[in-house]
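These notes are about the structure you will find just below.
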Amino acid sequence: MLWRVARVVAAAEERYGADAAAQTGTAESFYRLMAERRFLPNSPTLGNAGRTRGQLSACFVLPLEDSLDQIFETVKNAARIHGTGGGTGFSFSRLRPRDDLVRDYGKASGPVAFLEVFDAATGAIKQGGVRRGANMGILRVDHPDILEFVRAKRSIGKLSHFNISVAVTDAFMSALAADERYALVNPRHGEATGELSAREVWEELSRSAWTTGDPGLIFIDRINAAAPTPQLGAIESTNPCGELPLLPYESCNLGSVNLAAHLSGGALDEEALRESIRLGVRFLDDVIDANEFPLEQIAQVTRQTRKIGLGVMGWADLLIGLGIPYASEAALALADRLGGLLLETAREASRELARARGPFPAWEGSRWQREGVEGPLRNSTTTTIAPTGTISILAGCSSGIEPVYALAYRRTALDGEAELTFVHPGLAAHGEREGYWSEELAQEVLSRGTLPSEGIPAEARELFRTAHEVEPAWHVRHQAAWQGHIENAVSKTVNLPRSSQPQDVDAIYRLAWELGCKGITVYRDGSHEGQVLSHPQGPACGGPECAEPGLLEEAAE
Numbered sequence: 010m011l012w013r014v015a016r017v018v019a020a021a022e023e024r025y026g027a028d029a030a031a032q033t034g035t036a037e038s039f040y041r042l043m044a045e046r047r048f049l050p051n052s053p054t055l056g057n058a059g060r061t062r063g064q065l066s067a068c069f070v071l072p073l074e075d076s077l078d079q080i081f082e083t084v085k086n087a088a089r090i091h092g093t094g095g096g097t098g099f100s101f102s103r104l105r106p107r108d109d110l111v112r113d114y115g116k117a118s119g120p121v122a123f124l125e126v127f128d129a130a131t132g133a134i135k136q137g138g139v140r141r142g143a144n145m146g147i148l149r150v151d152h153p154d155i156l157e158f159v160r161a162k163r164s165i166g167k168l169s170h171f172n173i174s175v176a177v178t179d180a181f182m183s184a185l186a187a188d189e190r191y192a193l194v195n196p197r198h199g200e201a202t203g204e205l206s207a208r209e210v211w212e213e214l215s216r217s218a219w220t221t222g223d224p225g226l227i228f229i230d231r232i233n234a235a236a237p238t239p240q241l242g243a244i245e246s247t248n249p250c251g252e253l254p255l256l257p258y259e260s261c262n263l264g265s266v267n268l269a270a271h272l273s274g275g276a277l278d279e280e281a282l283r284e285s286i287r288l289g290v291r292f293l294d295d296v297i298d299a300n301e302f303p304l305e306q307i308a309q310v311t312r313q314t315r316k317i318g319l320g321v322m323g324w325a326d327l328l329i330g331l332g333i334p335y336a337s338e339a340a341l342a343l344a345d346r347l348g349g350l351l352l353e354t355a356r357e358a359s360r361e362l363a364r365a366r367g368p369f370p371a372w373e374g375s376r377w378q379r380e381g382v383e384g385p386l387r388n389s390t391t392t393t394i395a396p397t398g399t400i401s402i403l404a405g406c407s408s409g410i411e412p413v414y415a416l417a418y419r420r421t422a423l424d425g426e427a428e429l430t431f432v433h434p435g436l437a438a439h440g441e442r443e444g445y446w447s448e449e450l451a452q453e454v455l456s457r458g459t460l461p462s463e464g465i466p467a468e469a470r471e472l473f474r475t476a477h478e479v480e481p482a483w484h485v486r487h488q489a490a491w492q493g494h495i496e497n498a499v500s501k502t503v504n505l506p507r508s509s510q511p512q513d514v515d516a517i518y519r520l521a522w523e524l525g526c527k528g529i530t531v532y533r534d535g536s537h538e539g540q541v542l543s544h545p546q547g548p549a550c551g552g553p554e555c556a557e558p559g560l561l562e563e564a565a566e
């Protein structure tokens, strides 16, 4: 598989004058980069390169206009993308609200009704024939149907092919801080048609996120303030996991450097890491040229911006290898330093490619050109942190910048047809080195997923804290530390125990805003059917017993 991918991606360099020998040399470099688990691209590149469909990108955003013909044109286009393994994001904010006037004689169905249409269409098509379709649905906080949207996933199993997020504006956050009401704007004519209490809306979205994990938040004004090509229009949506704010018809291909694979003798080999980053940027830029886009509009916009998203995985494993607890100031300081190294090196590589191949066509008038960023650059963005769900399994490392989910756990895959059991390899090595490892401890970890509370050195307890043992604020602080150096956004889930309350979500969402994150999501353990990760001691809770008494009945009413 890796040879197939390496050869196809390297062959794209023919258009820049590389002869057969040069292409072979590049393919060998790409192959070693992947085979040594130092870097892997997103799943569609691994699955489709060199095959008939040839679509290599993971992330797309499609426009959604307030017209029945255009809505169903977008449904058709989304189906084509899902059929090639890509995920799609949509903003439903341009659709007129429920019961609004349609041509003087009818009433509109509203955004939530069309969310259900898109969800049903997605359910009929597996991504690339191997996985379920994934979508992001976004609605602005000042849309008149915002409360219906916020509550849309409270019923278990509803909109199962969608993540949903509220596009929160700066004006809303100011109203929330002042405990004021704010205006609702009908997108059909752009006029205010009502108002709501910012605090009451915030409480509702916090309660819904506590119940099912949705909605997340997208700080849309903050995203647009940092957008690389504002001259091409405003960003209204992101990809399904929120790390890629994209223009309508824009796509992006992702890849991640495995930080843990750059450990050598108990220290991080930073020069090797820089080399992997440079080669990763070149790989992802080549993917744009090797790609067979599902729509001509997507090809045009993507080639205008040449957006790529290089990120990291294996962060928690790196910290364990260095003996640094995840919940520590030392970890945040390292995140800040490595985030800076990632951005600096990725831009360096993009600048070098621009000298050889030319800058991205929308460079003139871009934010980078106006702000005097040393350039020109080959890519309008270079850095992203994705969730790396599939590729971190292939690389044998922790996902994205998440803490270790559990020291031993089950992972369901292939729509529940397969179940895989994992035990963290660093635990036994550390335990044997420090003299606390035993067969009895191994069995206990297998049964509970965490270290027992007694008989374990305090240092080990701190170092091997799992996602639910890390205080939520540390999750958010890690996201913010990386976001300071990420041009796109950061996919990060704040894991909450089942015992958490809606006010815990409230505090997390406020902290994410205060620390400069571009978005935020939470997940309370057991609050969703088909939970991908679960602890060994029992099945994930997906039924009504997981919810606060009376909450689902209230939603049904």
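Per the working numbering: the sequence shown = residues 10 to 566.
For glycine and all other residues, C-beta sits at the position ideal for the given N, C-alpha and C.
**Asked** Alpha carbon to alpha carbon, what distance is there between A207 and T111?
**Response** The sequence given here places Val at residue 111; Thr does not occur at that position. Those two C-alpha atoms are separated by around 29 angstroms.
**Asked** What are the boundary residues of the alpha helix (DSSP H) that S215 is part of?
**Response** A207 to T221
**Message:** In this structure, how does DSSP classify I329 when only helix, strand and coil are distinguished?
**Reply:** DSSP places I329 in helix when its eight states are reduced to three.
**Item:** Bridge-paired residues (DSSP) for G132
**Value:** Partner(s): none; G132 has no beta bridge.
**Prompt:** What is the DSSP secondary structure of N504, reduced to helix, strand or coil?
**Reply:** N504: strand per DSSP, three-state reduction.
**Item:** CB-CB length for E252 against A404, believed under 8 angstroms
**Value:** About 18 angstroms separates the two Cβ atoms, so there is no contact after all.
**Prompt:** So, helix, strand or coil for K85, using DSSP?
**Reply:** helix
**Message:** Strictly by DSSP, which residues pair up with E428?
**Reply:** T421
**As assigned by DSSP and simplified to three states, the class of F69** = strand
**Prompt:** Would you say the region 12-30 touches the region 259-278, given that touching needs at least three Cβ pairs under 8 angstroms?
**Reply:** Between the region 12-30 and the region 259-278, the count of Cβ pairs shorter than 8 angstroms is below three; the stretches do not touch.
**Item:** Cα-Cα separation, D108 to H198
**Value:** The alpha-carbon atoms of D108 and H198 are separated by roughly 15 angstroms.
**Asked** Alpha carbon to alpha carbon, how far is G119 from E280?
**Response** 54 angstroms
**Prompt:** Looking at C-alpha atoms only, which residue of V17, I465, S456 and T391 is the closest neighbour of G444?
**Reply:** I465
**Item:** C-alpha distance - E383 paired with S456, whole-angstrom precision
**Value:** Roughly 54 angstroms between the two C-alpha positions.
**Message:** Just verifying my parser: in three-state terms, what is the DSSP assignment at R231?
**Reply:** Three-state DSSP puts R231 in a helix.
**Request:** Count the other C-beta atoms from every protein chain shown that fall within 10 angstroms of the C-beta of Y114, then say buried if there are 16 or more, exposed otherwise.
**Result:** exposed
**Same chain only: Cβ atoms within 8 angstroms of I284, ignoring 5 sequence neighbours per side** = Note that residue 284 is Glu in the sequence shown, not Ile. Taken in chain order, the list of residues that qualify is empty.
**Item:** For S215 and V454, the rounded distance between their alpha carbons
**Value:** Answer to the nearest angstrom: the Cα atoms are 33 angstroms apart.
**Asked** Count the other CB atoms within 10 Å of the CB of E554; is the residue buried (16 or more) or exposed (fewer)?
**Response** No answer about E554 holds up, because its pLDDT of 33 lies below 50 and its placement is not dependable.
**V159: first and last residue of the uninterrupted alpha helix (DSSP H) it sits in** = I155 to V159
**C-beta contact flag for A184 and Y191 at 7 angstroms** = yes
**Asked** For the beta strand (DSSP E) that contains F473, what are its first and last residues?
**Response** No beta strand (DSSP E) holds F473; DSSP gives it neither H nor E.
**Request:** Would you check if there are 3 or more beta carbon pairs closer than 8 angstroms linking the region 289-306 to the region 64-73?
**Result:** yes
**Request:** Buried or exposed for L392, please, with buried defined as at least 16 other CB atoms from any protein chain shown within 10 angstroms of its CB.
**Result:** Position check: residue 392 holds Thr in this sequence, whereas Leu was assumed. Under this definition T392 is a buried residue.
**Rounded separation between R519 and F171 - CA only** = 24 angstroms
**Prompt:** Of all the options K85, L104, P106 and R105, which has the alpha carbon lying nearest to the alpha carbon of P97?
**Reply:** The residue asked about is misnamed: residue 97 is Thr in this sequence, not Pro. Residue nearest to T97 within the set K85, L104, P106 and R105 is K85 (criterion: CA-CA distance).
**Prompt:** So is A521 buried or exposed if we call it buried at 16+ other beta carbons inside 10 Å?
**Reply:** buried
**Request:** Look at F99 and L77 and say whether their C-beta atoms are less than 7 angstroms apart.
**Result:** no
**Prompt:** When the Cα atoms are used, what is the spatial distance from L282 to A365?
**Reply:** 23 angstroms
**Run of the alpha helix (DSSP H) containing A363, from where it starts to where it stops** = E338 to R366
**Item:** Option nearest Q512 by Cα separation, candidates V531, R474 and A469
**Value:** V531
**Prompt:** At what residues does the beta strand (DSSP E) containing V266 begin and finish?
**Reply:** S260 to N267
**Request:** Can you tell me which of the three DSSP states Y25 falls into?
**Result:** helix
**Request:** Would you tell me roughly how many angstroms separate the C-alpha atoms of A143 and M10, rounded to the nearest one?
**Result:** 24 angstroms
**Prompt:** Looking only at DSSP bridge pairs, what is G528 linked to?
**Reply:** BP columns for G528 point to I227.
**Prompt:** Helix, strand or coil: which one does DSSP assign to A122?
**Reply:** helix
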